[in-house]
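Heads up, the sequence shown is in the working numbering, so the first residue is 2 and it goes up one at a time.
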Amino acid sequence: MIKEPSELLGEAIRANGYNGISFPDPFAALEVIKKHHEQYSLVILDYKRYHNRMWICWKIAEIDNTIKLIMIREYDEIVDNTLKVDVFAKPIKVSNLIEIV
């Protein structure tokens with residue numbers, strides 16, 4: 002079975018001592034954040050995976066604007082960064098991402 006990039010990232014974060022959960026589906030992730038936002042201080046998003054790009058960042062900020070957002074994007078994509086999301090270009094090494102976390 003091939004794992005989603007979000008699953009691999011979640012595994013890497015947990016393997017480095019952080020409590021993390023991953024979702025390949027942004028709608029499922031958003032539902033969990035709505036119900037348990039106080040449990041999350043950071044959300045890492047894959048910019049390419051979402052149809053409307055920044056909509057999920059806006060939704061998370063509406064739910065809890067204390068949650069820090071990190072967006073990983075394709076090298077040549079331009080991100081509307083009105084929310085001041087930390088943006089990093091692919092490819093990003095997991096070790097570099099762990100340092101950021």
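Beta carbons are placed, not taken as given, at the ideal position from N, Cα and C, and that holds for glycine.
Check	Outcome
Backbone CA spacing between Pro92 and Ile73 [nearest angstrom]	9 Å
Simplified DSSP state of Ile99, which is helix, strand or coil	helix
For Ile14, three-class secondary structure by DSSP	helix
7 Å Cβ shell around Gly11 - same chain, five flanking residues per side excluded	Gly21, Ile22, Ser23
Supposed contact pair Ile61 and Leu70 - C-beta distance, whole angstroms, cut 8 Å	6 Å
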